[in-house]
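K.L.:
For reference, the structure I am asking about is given below.
Take a look at the structure:
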């Protein structure tokens with residue numbers, strides 16, 4: 001298993017959004033979070049296929065939850081990040097950090 | 001941010017039907033449900049308006065596309081049956097994808113086939129829509145198939161209107177007709193509004209609306225009280241009239257309308273779009289005119305016709321037989337007035353479309369020819385392609401492609417091209433139809449009901465299907481001759497495709513024949529129009545302006561009318577730009593408004609059924625000079641012919657020759673009406689040339705002209721001759737009339753040329769359509785011919801190369817190729833002439849001055865076709881001689 005799974009940028013954003021939303025992560029709220037925080041408008045087709053892909057890789061899991069009147073009572077799929085998902089995020093962050101080391105002075109205005 | 005919306009009614013969603021459909025495109029089970037739920041939630045969060053709905057569908061589409069084909073991510077166990085279905089589906093998808101790719105690889109072939117289909121299907125769908133809307137679809141009236149129309153037949157068998165006493169007898173005696181109404185068109189003058197106006201009205205018996213089965217939307221229909229002699233005048237208005245002239249006022253009932261100077265109380269408003277034969281502004285009952293004693297004269301046929309509703313279960317034929325029997329009884333009971341008077345009863349729908357029926361059917365036949373030409377062309381193209389792909393298909397067969405699979409492949413290709421052709425065809429048809437409606441002759445019935453509807457779309461798809469699939473796939477498959485290895489082992493250039501070539505040549509002959517039939521039709525129509533424009537009308541139509549007015553109401557007494565006529569003529573003649581002006585009761589071409597029997601003083605009076613009949617036309621002095629009609633003998637009317645002077649008349653040449661053959665007509669006397677009637681004897685003072693009266697194509701009737709001073713009228717046409725463009729003086733003439741009476745509506749303002757044009761509109765339209773069809777067919781046929789010949793040349797490159805290497809002259813080779821092509825064209829021409837002869841009888845009714853088997857037309861058309869065919873064959877023949885013998889031999 002180990003760090004063979006490298007994450008794409010969009011996959012990272014998705015996993016982070018699910019983490020940020022805690023127990024309230026489902027399709028619509030993830031899309032809203034991406035739009036509000038990352039400024040990314042994403043087509044729902046791309047959203048669901050990416051979520052499915054992360055699920056296939058074992059980085060996400062989901063459970064069904066009851067619907068609300070606003071969604072005509074249709075169920076929600078609530079996502080949580082698996083331990084493997086958290087590990088993958090960590091790896092990605094570590095890779096990024098290593099890559100940033102020594103070049104941060106070149107991008108001074110950046111606040112990261 | 002989360003679910004901050006107000007409580008919404010559960011179940012609300014953008015277009016529920018669409019949402020249900022979307023569900024089928026999404027993954028099954030909870031995954032799909034959750035996706036749809038997310039989309040709905042977000043749609044609500046975006047306020048659920050139009051923009052949100054737009055967003056909803058865009059996103060739904062993006063999901064549906066991504067998940068298309070992987071609906072079953074969690075397959076339960078699949079049965080063998082399901083697997084085989086899925087495999088067939090996969091195959092189909094592959095076939096379609098392959099077909100699209102192969103069409104994209106041959107763009108010129110694809111363009112040719114799509115253009116052919118679009119033209120053929122488009123033209124036929126447009127004409128089909130006309131036929132469907134006008135001839136086939138039932139009238140938009142309840143139980144329209146039980147409505148019948150009846151009129152009387154004159155002694156010569158022509159249709160005449162129904163006399164009131166005869167109608168009353170029909171009504172009381174006919175048992176097969178449940179309810180029988182009488183009505184006539186009766187234009188009325190509407191005054192008391194800003195601009196006085198001539199409105200379209202229909203005078204009807206009280207039960208009329210009940211018979212046709214449509215009740216007023218507002219107010220009531222006529223009842224028996226409205227039909228009593230001397231009843232207070234009432235009126236039912238059309239929805240359109242109510243909207244445009246009365247502002248759609250709901251309180252309109254009970255208000256008066258001033259019609260022909262009399263107040264009519266509005267009692268009802270019809271539903272929108274109501275039509276009887278055509279659209280009317282108003283309906284008025286018989287009651288107010290039942291005091292008219294002329295109405296009760298059995299011999300008076302005053303423009304009425306009857307409409308009846310059959311007793312359920314009774315056929316039109318039964319009703320017609322019964323009515324004919326009644327008419328025979330009436331002949332016996334009233335020999336003076338009814339001898340020789342028959343009756344004709346037919347379905348209302350038939351009557352309505354009687355004049356256009358033949359034209360439409362002939363055009364439908366023509367477009368059928370065009371569609372067949374297109375079919376043959378498509379077949380030819382696909383066969384050529386099939387033959388060219390023989391090798392490819394043979395390879396696929398050898399590699400294990402089953403015969404069925406390969407056939408399905410071909411079927412998919414032609415289905416795809418048919419569908420595309422059908423869709424393009426509908427687009428072409430809707431464009432063409434708009435054009436057709438715009439050029440259709442004035443007064444074409446039910447034109448407003450013509451549109452591209454579901455039937456038309458089905459027709460287009462069926463036509464495209466027949467064209468592409470039946471004529472395309474099977475011959476193509478046949479031609480490809482998939483027979484396992486056989487095709488692989490055979491040499492490519494040998495006679496492998498002999499059978500396909502034979503088929504193509506056969507089809508080519510048919511195509512040429514069909515093109516010739518269409519060309520002949522176009523030729524005959526052109527000759528007809530030529531003959532019509534050459535007809536001697538008896539007057540000079542150029543630079544003539546006409547318009548009509550009616551002096552209605554009690555205030556127009558005879559002396560006041562005469563004064564008005566004099567004033568109008570003086571005023572108009574004094575207008576700058578006017579050479580001459582006159583008044584007339586009826587105009588040439590437009591038709592007679594007064595036909596009557598008459599007797600001659602110096603001849604024995606024939607029995608009643610054989611009394612001569614003529615068109616009577618009161619005219620002012622200066623009329624013949626204005627019209628440019630030639631005087632053949634005697635003198636014309638002048639200012640000396642007054643009410644006090646001896647009664648005089650001018651007759652036309654036809655009347656003079658018929659009644660006084662070999663004698664001088666001048667000085668003879670005639671009397672209008674029955675022999676014992678009170679009419680005055682009028683002396684013939686002049687004979688003028690015959691003038692075409694009922695259109696251009698109908699034979700000139702006997703004509704009797706009377707001076708307006710001695711035979712007054714209320715409704716007259718002004719004719720004005722001007723050296724300038726006639727339409728330019730319209731307003732100055734109108735001003736003259738309005739200065740004399742500001743309330744007088746002026747209508748039917750037309751130049752005489754327009755009147756003539758209108759009378760030829762049907763012939764002109766038929767001709768234009770035929771010419772377009774013929775040109776398209778000729779183009780398709782010549783391109784097809786060229787293609788077949790070129791194909792033949794390609795197949796024989798080797799042979800030609802050998803011939804040239806052995807010393808054949810290029811012109812010999814050219815001759816060889818051209819001869820082969822021309823033999824097809826010649827065979828097609830012979831077949832086409834035979835075909836055109838066979839259908840000639842059905843088009844005769846549309847022709848004038850030329851027979852349907854006119855040898856000149858046939859000869860010209862055949863020569864033209866062969867000329868085009870020669871050019872079409874020569875091009876590939878010329879290319880054949882440029883074959884380099886060495887190249888041709890090496891190609892092996």
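Chains as they are written, first to last, in the numbering used here: chain A, 1 to 112; chain B, 1 to 892.
Ideal Cβ placement from N, Cα and C applies to all residues, glycine included.
#1: Do residue 234/B and residue 552/B count as a contact pair if the criterion is CB distance below 8 Å?
#2: Once DSSP output is grouped into helix, strand and coil, what is the label at residue 710/B?
#3: State the DSSP-derived secondary structure class of residue 547/B, mapped to helix, strand or coil.
#4: Using a 10 Å radius around the Cβ and a threshold of 16 neighbouring Cβ atoms, would you call residue 33/A buried or exposed?
#5: Okay, do the stretch 587–604 of chain B and the stretch 693–701 of chain B touch, 3+ Cβ pairs below 8 Å being the bar?
#6: What whole-angstrom Cβ distance do residue 298/B and residue 166/B have, given they're in contact under 8 Å?
#7: Can you find at least 3 beta carbon pairs, one from the stretch 546–563 of chain B and one from the stretch 682–696 of chain B, that sit closer than 8 Å?
#8: Residue 79/A bridges to which residues according to DSSP?
#9: Is residue 34/B close to chain A, meaning its C-beta is less than 8 Å from at least one C-beta of that chain?
#10: Specify, as a first and last residue, the run of the alpha helix (DSSP H) that residue 657/B falls within.
#11: Kindly indicate which residue of 845/B, 104/B, 117/B and 60/B has the alpha-carbon position closest to the one of residue 469/B.
#12: According to DSSP, what are the bridge partners of residue 276/B?
#13: Using a Cβ-Cβ cutoff of less than 6 Å, which residues in the same chain neighbour residue 15/A once the five nearest sequence positions on both sides are dropped?
#14: Less than 7 Å separating the Cβ of residue 632/B from some heavy atom of the ligand GDP?
#15: Are any of the Cβ atoms in chain A nearer than 8 Å to that of residue 62/B?
#16: Short of 8 Å Cβ to Cβ, which residues in the stretch 16–45 of chain B face chain A?
#17: Tell me the DSSP secondary structure of residue 692/B in three-state form.
#18: Identify which residue in 41/B, 514/B and 350/B has its Cα closest to the Cα of residue 836/B.
#19: Rounded to whole angstroms, what's the CA-CA distance from residue 794/B to residue 377/B? Just pull it up for me.
#20: Span of the beta strand (DSSP E) holding residue 151/B?
#21: When we look at the beta-carbon of residue 413/B and count the other beta-carbons within 10 Å, is it buried (16 or more) or exposed?
#22: Going along chain A, which residues have a C-beta under 8 Å from residue 66/B?
#23: Rank 113/B, 85/B and 214/B by C-alpha distance to the C-alpha of residue 143/B and give the top, closest one.
#24: Can you tell me whether DSSP reads residue 726/B as helix, strand or coil?
#25: May I ask which residues mark the beginning and end of the beta strand (DSSP E) holding residue 811/B?
#26: So if I threshold CB-CB distances at 8 Å, which residues from the stretch 24–35 of chain A count as touching chain B?
#27: Determine whether the beta carbon atoms of residue 824/B and residue 509/B lie at a separation below 8 Å.
#28: For chain B, is any of its Cβ atoms less than 8 Å away from the one on residue 74/A?
#29: Can you give me the Cβ contacts of residue 882/B inside the same chain, cut-off strictly under 7 Å, excluding the 5 residues immediately before and after it?
#30: So residue 120/B and residue 467/B are in contact, right, with Cβ under 8 Å, and what is the actual spacing, rounded?
#31: Kindly list, in the order they appear in chain A, the residues whose Cβ is closer than 7 Å to that of residue 59/B.
#32: Considering residue 598/B, what are the terminal residues of the alpha helix (DSSP H) in which it resides?
#33: Give the DSSP-derived three-state secondary structure of residue 76/B in the structure shown.
#34: With a 10 Å radius around its C-beta and 16 neighbouring C-beta atoms as the bar for buried, classify residue 294/B as buried or exposed.
#35: What residues from chain B crowd round residue 77/A, counting only those whose CB sits closer than 8 Å?
#36: Tell me which same chain residues have a C-beta within less than 7 Å of the C-beta of residue 810/B, skipping the five on either side of it?
P.N.:
In this structure, then:
#1: Annotated as distal: residue 552/B and residue 234/B, with beta-carbon spacing of 8 Å or more.
#2: It is coil, neither helix nor strand.
#3: The three-state reading of DSSP puts residue 547/B in strand, counting E and B together.
#4: Residue environment: residue 33/A is assigned as buried (16 or more neighbouring CB atoms within 10 Å of its CB, all protein chains considered).
#5: Yes: at least three Cβ pairs fall under 8 Å.
#6: Yes, residue 298/B and residue 166/B are in contact; Cβ-Cβ is about 6 Å, under 8 Å.
#7: No, they do not touch.
#8: For residue 79/A, the pairing in a beta bridge is given by DSSP as 62/A.
#9: Yes - at least one Cβ of chain A is within 8 Å of the one on residue 34/B.
#10: Counted as a single uninterrupted DSSP element, the alpha helix (DSSP H) harbouring residue 657/B occupies residues 653–659.
#11: Taking each of 845/B, 104/B, 117/B and 60/B in turn and checking the Cα distance to residue 469/B, the smallest one comes out for 117/B.
#12: Under DSSP, residue 276/B forms a beta bridge with 278/B.
#13: For residue 15/A, where only same-chain residues beyond five positions count, the Cβ hits under 6 Å are 81, 85 and 89.
#14: Among the components of this structure there are no ligands whatsoever, and the ligand GDP is therefore not found.
#15: Chain A, which has a Cβ nearer than 8 Å to the Cβ of residue 62/B, makes this yes.
#16: Listed by position, the residues of the stretch 16–45 of chain B near chain A (Cβ gap below 8 Å) are 30, 31, 33, 34, 35, 36, 37, 38, 39, 40, 41, 42, 44 and 45.
#17: Note: residue 692/B maps to coil in three-state DSSP.
#18: Measuring C-alpha to C-alpha distances from residue 836/B to each of 41/B, 514/B and 350/B identifies 514/B as the nearest.
#19: Approximately 19 Å, taken between the alpha carbons.
#20: Unbroken beta strand (DSSP E) run through residue 151/B: 147–153.
#21: Looking at its Cβ environment, which holds 16 or more other Cβ atoms inside 10 Å, residue 413/B is buried.
#22: Using a Cβ-Cβ cut-off of 8 Å, residue 66/B is close to 45, 46, 48 and 49 of chain A, given in chain order.
#23: Measuring from the Cα of residue 143/B, the nearest candidate turns out to be 214/B.
#24: If DSSP states are grouped into helix, strand and coil, residue 726/B belongs with the helices.
#25: Careful: residue 811/B lies outside any beta strand (DSSP E), inside the alpha helix (DSSP H) at 810–843.
#26: Residues 24, 26, 27, 28, 29, 31 and 32.
#27: In this structure, residue 824/B places its C-beta atom within 8 Å of the C-beta atom of residue 509/B.
#28: Answer yes: the Cβ-Cβ gap between residue 74/A and chain B drops below 8 Å somewhere.
#29: Exclusion of the five residues before and after residue 882/B leaves no residue of its chain whose Cβ lies closer than 7 Å to its Cβ.
#30: Under the criterion of beta carbons closer than 8 Å, residue 120/B and residue 467/B qualify as touching, at roughly 6 Å.
#31: The contacting residues are 43 and 44.
#32: Here residue 598/B belongs to no alpha helix (DSSP H); instead the beta strand (DSSP E) covers 595–600.
#33: Any reading at residue 76/B is ruled out, since the residue's pLDDT is 46, under 50, leaving its predicted position unreliable.
#34: Exposed, because fewer than 16 other Cβ atoms sit within 10 Å of the Cβ of residue 294/B.
#35: Simply 30, 31 and 34.
#36: Excluding residues within five positions, the ones whose Cβ falls inside 7 Å are 881.
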